[in-house]
Amino acid sequence: MAEATTGLDLGHVAALLAAGVVAVPVFRKIGLGSVLGYLAAGAAIGPFGLALFAEPETILHVAEFGVVIFLFIIGLEMRPKRLWGMRNEIFGLGAAQVGLAGVALTLVAMAAGVSAPVAFVGAMGFVMSSTAVIVQMLEERGDLPTPQGQRAVSILLFEDLAIVPLLAIVAVLAVAVGTASESAAPLWQTIGLAVAAVAGVLVAGRYAINPVFRFLARNGGREVMTAAALLVVAGAAWIMNEVGLSMAMGAFLAGVLLSDSTFRHQLEADVEPFRAILLGLFFLSVGMALDIGVVISDWRIVVAGLLAFMLVKALVIYVVARLFKARHHEAIERAALFAQGGEFAFVLYGAAAAGGVIDAQASAALTAIVILSMALTPLTTLAMKRWLPKEAGLSPEDAEGVDSAEGLRGQVLIIGFGRFAQVVSQPLLARDVDVSIIENDVEMIQAAGNFGFKVYYGDGTRLDTLRASGAGKAEAVLVCVDKPEAADRIVQLVKSEFPGVKLFVRAFDRGHSLRLIEAGVDYHIRETFESALKFGEAVLVDLGVSEDEAADTVAEVRRRDAARLDLQVTGGLTAGRALMRGNAVTPQPEPYIKPAREGRLINEDEAPPEAVIEHEAQD
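Be aware that the sequence shown starts at 0, since it is given in numbering that gives the first Met the number 0, and climbs by one per residue.
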């Protein structure tokens, strides 16, 4: 076993990088996510694993800058108006979740025989969910920009704010029941400094940062701009930390102030590489901090506390979510995501231990509970996604402004009203064609209503819906759904039940086109084909090709594609491959129509010598 050291050299840097490089791809491959990979790798190389590092707290302090940069980038995406619009969710939903969960967990700990001060500190530390874990998972799943993701960010922002009064309460407890001196700063002074720091950052961001960046853009190099971006993040985080606020809150506030700046995108690009590396290092250091000895010696307390805290917190979060009108599916997702403790617990437990509110053994046990809960979060969300039934979406009966398809009599029936169908409808409506539209996505129907469309709810893959939508009386049915299997089912029903109706179908790819041709539809088009050709034509013109030549080239590509499709109808997808140009090996061109016999030279005297030789050899 390698000898642990308090310093860092190239060997330790290599160990950190190797742990992440090996563990993260493996854990992501098996579906457990990068966060759990980093935590497991940290536990493996930490003082309670291979003991390559003796003091993970040192690395943790450096790695916390990754969380700071993460919150700065989130702040860059938040316009001040948008943040103001979230105020009800921040101070309503966030306050309700933190307050009720804190009370419930405190009562659970007291019921287990823990004293009230220790129960309160342990509960409130666990209530502070991990910003790093939650935002990273939301980002990996692509849910961060969604309304559900923004509500999660609102709760996390309130938790960042709540750390200030919580630290103040711990200071008061330290005077009352601990070993802290009564000469500690009073609560009003702490709050006053925090307000002054926030005001200072606001003023600097409003009047100083943009002029400074404009000056640097004219007179400094790229590396100076990067250094300035990191200075903004580190400076705001340091100021907030000095007055008792969270560093992440300071970085987020700085990002919000710069979100309307013309330098926003450059700032994001400059700090992004540091964010990714340091955030991974943060998770590694959290994994190192897991005291395996405490888990083994006090396993009953740790396991019981872990299960009780996670289950009770998840239950409270679900209830609060439902009280704030969240759907059942979203409430369960939020409960699974927020059911863990977070990095703020380390700060709160450290302050409580330093003040004598909790002893070292209780601090170690509570820290182990929080770290294990962070490690379990990817597993709980994975289990939730696997066992929770897929959300059905809004019910058409409960949705406002949504009518079911019944007794429609349009000249043309459009099935599916996504982006493709919305464009298709425009020339028809321009000529006053009587159009009926059905769609099975309630939210899409409501959104279309805001733009002047009357769309009816109906599933085009059902025969009764087609009858109610007037498919049998329409002159044409336009199948514009985005799922090939659904389109095939609709085509089958219309061809068998309404054979006199013309079918115009949106095709997904060449394989789908071949199925539609075999089914006998009247017209089909691959959804991206014509737009891609126009795109290529525009590129040719921009490269200097004349508009007529570019149009002729695109027409020739269209002819070759049609000829290839004809060959594929009889020969399968691999037929006509030579008609498709590639950039690796140029295929041998083939004629569109195979000649009945070999050609002969009309004037052999004017032919190239090699052509005459080849012709004579054939004769």
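Glycine residues also receive a C-beta, built at the ideal position from the N, C-alpha and C atoms.
Exposure label - residue i; buried when at least 16 CB within 10 Å
i: residue 522; result: exposed
i: residue 498; result: exposed
i: residue 281; result: buried
i: residue 228; result: buried
i: residue 534; result: exposed
i: residue 52; result: buried
i: residue 450; result: exposed
i: residue 135; result: buried
i: residue 238; result: buried
i: residue 456; result: buried
i: residue 105; result: buried
i: residue 290; result: buried
i: residue 150; result: buried
i: residue 114; result: exposed
i: residue 341; result: buried
i: residue 222; result: exposed
i: residue 329; result: buried
i: residue 545; result: exposed
i: residue 159; result: buried
i: residue 384; result: exposed
i: residue 297; result: buried
i: residue 347; result: buried
i: residue 491; result: exposed
i: residue 453; result: exposed
i: residue 9; result: exposed
i: residue 17; result: exposed
i: residue 477; result: buried
i: residue 549; result: buried
i: residue 20; result: exposed
i: residue 505; result: buried
Paired residues, beta bridge with residue i - DSSP
i: residue 495; result: Answer is none; residue 495 lacks a bridge partner.
i: residue 403; result: 456
i: residue 436; result: 413
i: residue 525; result: 506
Residue of the options minimising C-alpha distance to residue i
i: residue 155; options: 520, 486, 13, 343; result: 343
i: residue 525; options: 479, 550, 549; result: 479
i: residue 230; options: 217, 253, 214; result: 253
i: residue 501; options: 471, 384, 527; result: 471
i: residue 482; options: 361, 340, 459, 237; result: 459
i: residue 255; options: 235, 271, 273; result: 235
i: residue 72; options: 214, 83, 12, 264; result: 264
i: residue 335; options: 546, 317, 43; result: 317
i: residue 148; options: 325, 414, 233, 446; result: 325
i: residue 270; options: 74, 404, 195; result: 74
i: residue 507; options: 529, 191, 36, 474; result: 529
i: residue 387; options: 332, 495, 322; result: 332
i: residue 170; options: 42, 132, 350, 467; result: 350
i: residue 462; options: 473, 445, 495, 453; result: 495
i: residue 46; options: 576, 340, 285, 571; result: 285
i: residue 165; options: 445, 407, 101; result: 101
i: residue 130; options: 157, 114, 115, 107; result: 157
i: residue 203; options: 217, 434, 249, 313; result: 249
i: residue 510; options: 95, 172, 10, 569; result: 569
i: residue 174; options: 33, 116, 199; result: 116
i: residue 363; options: 580, 339, 420, 295; result: 295
i: residue 273; options: 315, 292, 226, 241; result: 226
i: residue 464; options: 283, 411, 403; result: 403
Cutoff 7 Å: residue i Cβ touching any chain C Cβ
i: residue 387; result: This model lacks chain C altogether; it includes just one protein chain.
*asked:* Would the region 421–436 count as touching the region 375–389 if we require 3 or more Cβ pairs under 8 Å?
replied: No contact exists between the region 421–436 and the region 375–389.
*Which whole runs of the beta strand (DSSP E) in the region 471–523 are 3 residues long or more, in chain order?*
If one requires a minimum length of 3 residues, the beta strand (DSSP E) runs lying completely within the region 471–523 are 475–478, 501–506, in chain order.
*Whole beta strand (DSSP E) elements within the region 118–172, 3-residue minimum*: Counting whole runs of 3 or more residues, the region 118–172 contains no beta strand (DSSP E) stretch at all.
_Is it the case that the region 342–356 contacts the region 291–303, given that we only count it when at least three CB pairs across the two stretches are under 8 Å?_
By the Cβ test, the region 291–303 is not in contact with the region 342–356, since fewer than three Cβ pairs between them sit closer than 8 Å.
*Given 8 Å, three or more beta-carbon pairs between the region 111–124 and the region 139–158*: With a cut-off of 8 Å, the region 139–158 and the region 111–124 do not count as touching, because too few Cβ pairs lie within range.
*Say whether the region 510–521 touches the region 469–487, bearing in mind that this needs 3 or more beta-carbon pairs closer than 8 Å, one atom from each stretch.*
Yes, since at least three Cβ pairs between the region 510–521 and the region 469–487 fall closer than 8 Å, the two stretches touch.
_What ranges does the beta strand (DSSP E) occupy inside the region 5–53, keeping only unbroken runs of at least 3 residues that lie completely in it?_
Counting whole runs of 3 or more residues, the region 5–53 contains no beta strand (DSSP E) stretch at all.
*Note down, one range per segment and in chain order, each beta strand (DSSP E) of at least 3 residues found wholly within the region 269–353.*
As far as the region 269–353 is concerned, it has no whole beta strand (DSSP E) run of at least 3 residues.
*When the Cβ atoms of the region 429–448 are set against those of the region 363–374, are three or more pairs found closer than 8 Å?*
No, because fewer than three Cβ pairs between the region 429–448 and the region 363–374 fall closer than 8 Å, the two stretches do not touch.
*Specify whether the region 34–50 and the region 204–213 touch according to this definition: at least 3 beta carbon pairs, one from each stretch, less than 8 Å apart.*
Flag = no, the region 34–50 and the region 204–213 do not touch.
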